[in-house]
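See structure below.
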DNA sequence: ACGGTTCAGTGAACCGCTTCACCTACGGCT
DNA sequence: AGCCGTAGGTGAAGCGGTTCACTGAACCGT
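Protein chains in written order, with the numbering used here: chain X, 1 to 329; chain P, 1001 to 1329.
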């Protein structure tokens, strides 16, 4: 039988004060230095620590930040999540991480769930940035969006995806590629992502012959999607909308005995740490994950600390050329 | 101004029932089919959904499972966390993930924090399985340990680390390696991990010349630790206690112009999905991550659903030979 | 000496749900 | 008819904090 925990009333009893006074004292409010000391001592003595749930119910705050990821199977999003967790910890906050598994319906459910959990703020990498519920959500707590812009957020770190896509496609074109397969992450339902649309527009402009397919982030799934792609009408290059997916292309190529980049060029998008370690190194679009983490943490902190001005950080891409894209023969 | 949410009393009012009845009805308890239907309709009408915080305070349960990771910088633990999250979701539970960052003090603090959050159960990959506070914790909620055994848990998935270590070292010895560097994860303070101890014992038995060093899980950190190792008195093989760390050795070797495995053999421990994709493929000890995930989810579910019997799953390692370990010249 | 501030602290009403003890009406059984 | 068992429902007391309105005393300047 676990010994019951001390409550605030016991501390009050022990010090001869009211529960209210103890509550204030422990938060360093409204009481004299002397009683504060007394209360602290008694609390330590009794091993008292405020119950976060009760506190959340009464005050509506938790000190937690919600982190809602579109799909945690994506290694890049994993890195992002870990980075943000650590960044927040340095500010004495915790991250509550939820994974929408690429499903917009879950995204909605989880976002609301996090609100109900009284997170002080929400960082989200949205699957469907255009969805209607975001508006309502942004009204009830500070939201920071990463990736795509959401209306009404308290701050956002958006990627200049148009630029990133252009950069990638131009690079491929410059090396002579014309028939290019594009692999984008699978989504449960597919809201038209701005970046996706931009791909076809840009391909048009550059006179490229594009074929779009989807692939899951997980290595096994991505590999099998890539296998289909490479065995059918094989393109000269594959542009993957996430490094995770590009890894699947490597795996499929290996299976099929195809050489990267001699038989097929591969281009990624993210720059995950592992991308530099592959042979050949993955040529990819680098979004500076550390910068994004820092910006997101800064924005959410500002917003929850009552910062009022809406902030927008636009992340510019860099082409990270390694060995996976070659000039077409 | 966000419209206030409906409470249970409003639903009660709307149906002409008592709050208690509504509470029961929504959980399918103690009420007639007919009122249940009426309540459901009214709830839907009002957009009512029970507040998880209030519910947690009153009932002491949340439906959440805590997941406490030793160090989320480790890619393998990331995979584990994602896998467990998904596995739990299928059982309509959520995982609350916390990262102890390799620090036993944080491990303690977070474990208690999770208990205070009223998680229904805790899955932990302990840094310091021998610490005293676990006992108290296991008394107050079901705990499942992964990796090393903890006293008093409701279940555990333990790795047969002795066997894994022996397997790895024997493999290296069989290929003629004698001077072997061992790279283990950095810990804030270093409780003597059983596995670590076993390494020196086994090295002794096999007549190997071992040098132990530590490295962080992050690629940058691991790389720099490996660089030091490889520039000093270079061993013929490096045995890393995590694939993440082995990746750092690859990176360092690449920087230094050393060939794996011609100049230095590398052996991992985990089998992360990326390990097969590197060139050469990382020879490693495979713990069957999917099996572990399944077992952990099963155990914690059983334990929280009032399962009483203590369960112990011992995970056996498999040597996954790829190309990173060569016969010594 | 007196009204007006400030300071430290109090009581009680929440926050929104669960749960325990109790109540009522109804049907069945003997 | 009388009694009991049960299904269906009610009221109120929590859960463990926070917060708001208020009080009593000390202090202030005039």
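Ideal Cβ positions, reconstructed from N, Cα and C, are used throughout, including at glycine. Being a predicted model, the structure only gives us computed values, none of them experimental.
Item checked: Where residue 19 of chain X falls: helix, strand or coil (DSSP) -> helix
Note to self: Considering just the uninterrupted stretch of the alpha helix (DSSP H) at residue 80 of chain X, what are its terminal residues?
What the structure shows: 75–89
Next item on the list: May I ask which residues mark the beginning and end of the alpha helix (DSSP H) holding residue 1110 of chain P?
Entry: 1104–1116
Margin query: With the cut-off set at 9 Å, would you say residue 1100 of chain P and residue 1068 of chain P are in Cβ contact?
Written below: With contacts defined as CB atoms closer than 9 Å, residue 1100 of chain P and residue 1068 of chain P qualify as a contacting pair.
Next item on the list: Look up residue 343 of chain X in the DSSP assignment and give the residues it is bridged to.
Entry: With chain X covering only 1 through 329, there is no way to say anything about residue 343 of chain X.
Notebook entry, point to check: So the beta strand (DSSP E) residue 185 of chain X belongs to, where does it begin and stop?
Noted result: 179–185
Next item on the list: Would you mind working out which of X:202, X:181, X:200 sits nearest residue 234 of chain X, comparing C-alpha positions?
Entry: X:181
Check: Three or more C-beta pairs closer than 8 Å, one from the segment 1302–1310 of chain P and one from the segment 1154–1174 of chain P: is that the case here?
Finding: When Cβ pairs closer than 8 Å are counted between the two stretches, the segment 1302–1310 of chain P is seen to touch the segment 1154–1174 of chain P, the count reaching three or more.
Notebook entry, point to check: How would you list, in chain order, the residues of chain X whose beta-carbon sits under 8 Å from the beta-carbon of residue 1052 of chain P?
Noted result: 113, 116, 117
Check: Using the rule of at least 16 other Cβ atoms within 10 Å of the residue's Cβ for burial, across every protein chain shown, is residue 186 of chain X buried or exposed?
Finding: buried
Checklist line | Where residue 1248 of chain P sits in the DSSP three-state scheme | finding: helix
Item checked: DSSP-derived helix/strand/coil call for residue 1024 of chain P -> Looking at residue 1024 of chain P - three-state DSSP - the assignment turns out to be helix.
Check: So the alpha helix (DSSP H) residue 230 of chain X belongs to, where does it begin and stop?
Finding: Note, residue 230 of chain X: alpha helix (DSSP H), 219–231.
Next item on the list: Specify, as a first and last residue, the run of the beta strand (DSSP E) that residue 99 of chain X falls within.
Entry: From DSSP, the beta strand (DSSP E) with residue 99 of chain X extends over 94–99.
Check: If you pair each beta-carbon of the segment 1216–1228 of chain P with each one of the segment 1247–1259 of chain P, do three or more pairs fall below 8 Å?
Finding: yes
Checklist line | 9 Å Cβ cutoff met for residue 158 of chain X and residue 143 of chain X | finding: Their beta carbons are not under 9 Å apart, which means residue 158 of chain X does not touch residue 143 of chain X by this criterion.
Note to self: Can you check whether the C-beta of residue 1024 of chain P is within less than 9 Å of a C-beta belonging to chain X?
What the structure shows: no
Notebook entry, point to check: Below 9 Å between beta carbons: does that hold for residue 322 of chain X and residue 280 of chain X?
Noted result: yes
Margin query: Distance cutoff 9 Å, beta carbons only. Does residue 1200 of chain P sit that close to anything in chain X?
Written below: At a cut-off of 9 Å between beta-carbon atoms, residue 1200 of chain P makes no contact with chain X.
Next item on the list: Just confirm the distance between the C-beta atoms of residue 293 of chain X and residue 80 of chain X, as a whole number of angstroms; I'd bet it's less than 8 Å.
Entry: 7 Å
Note to self: What would DSSP say about residue 325 of chain X, mapped onto helix, strand or coil?
What the structure shows: In the structure shown, residue 325 of chain X sits in coil (DSSP, three-state: anything other than H, G, I, E or B).
Note to self: Could you check whether residue 178 of chain X and residue 325 of chain X sit closer than 9 Å to each other, using their CB atoms as the reference points?
What the structure shows: no
Next item on the list: Assign residue 17 of chain X to buried or exposed, taking buried as 16 or more other Cβ atoms, counted over all protein chains shown, within 10 Å of its Cβ.
Entry: buried
Note to self: So residue 102 of chain X and residue 126 of chain X are supposed to be a Cβ contact under 8 Å. How far apart are they, rounded?
What the structure shows: In fact, because the Cβ distance is near 12 Å, the residues do not count as touching under 8 Å.
Note to self: Would you say residue 1294 of chain P lies against chain X (beta-carbon separation less than 9 Å)?
What the structure shows: no
Margin query: Tell me which residues share the same chain as residue 1209 of chain P and place their Cβ nearer than 6 Å to its Cβ, disregarding the 5 neighbours each side in the sequence.
Written below: 1178, 1179
Next item on the list: Grab the span of the beta strand (DSSP E) containing residue 277 of chain X for me, first residue to last.
Entry: It is not in any beta strand (DSSP E) - residue 277 of chain X carries neither H nor E in the DSSP assignment.
Notebook entry, point to check: Going along chain X in order, which residues have a C-beta closer than 7 Å to the C-beta of residue 1104 of chain P?
Noted result: Those within 7 Å of residue 1104 of chain P in chain X number zero; the least Cβ separation is about 16 Å.
Check: If you compare alpha carbons, which of P:1055, P:1051, P:1202, P:1011 is closest to residue 1037 of chain P?
Finding: P:1011
Notebook entry, point to check: Listed from N- to C-terminal order along the chain, which residues in the segment 1263–1297 of chain P have their beta-carbon within a distance smaller than 8 Å of any beta-carbon of chain X?
Noted result: 1273, 1274, 1276, 1277, 1278, 1279
Check: Of the residues that make up the segment 76–105 of chain X, which ones have a beta carbon closer than 9 Å to any beta carbon in chain P?
Finding: 78, 79, 81, 82, 85, 86, 89, 94, 95, 96, 97, 98, 99, 101
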